[in-house]
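Shown next, in structure tokens, is the structure this report addresses.
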Amino acid sequence: CPDVDDVSTLDVYYYNPAVGWVLACNAAGDVQPGGEGWMVPGSRVNHNDTDPKTIEIRIIHFSAAQGGADPVVPQSDSNDNWPNCFISTIFN
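Under our numbering, think of the first position of the sequence shown as 172, with each following residue one higher.
What follows is the structure, given as structure tokens:
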């Protein structure tokens with residue numbers, strides 16, 4: 172997240188095809204109801220010391236994800252006004 176000074180302030184949203192964008196993990200790292208079954212509880216690690224800054228999470232199955240701060244909510248039809256971050260994945 173190159174435009175964010177502290178990624179620990181960001182929530183993580185994931186795209187659920189059945190309902191759209193849902194809050195998966197709050198800034199404190201707690202899995203929210205929308206993220207149950209998608210994100211591994213307790214897996215969030217904030218990396219403010221990297222360039223760019225990153226949020227590391229473990230997921231159960233792949234789907235689109237974005238970081239954001241309340242009250243901004245991702246838009247499924249346009250990302251023009253959404254301060255999104257690049258999401259990369261590593262499978263192991």
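All residues carry an ideal CB built from backbone N, CA and C; glycine is no exception.
Keep in mind it's a predicted model, so treat the numbers as computed, not measured.
- For the 8 Å CB-CB criterion, Tyr185 and Ala235 form a contact.
- For Leu181 against Ile228, the beta-carbon gap comes to about 11 Å, at or over 8 Å, which does not count as contact.
- The distance from the Cβ of Lys224 to that of His232 is about 25 Å, inconsistent with a contact at the 8 Å cut-off.
- A residue is called buried once 16 or more other Cβ atoms fall within 10 Å of its Cβ, and Gly238 is buried on that count.
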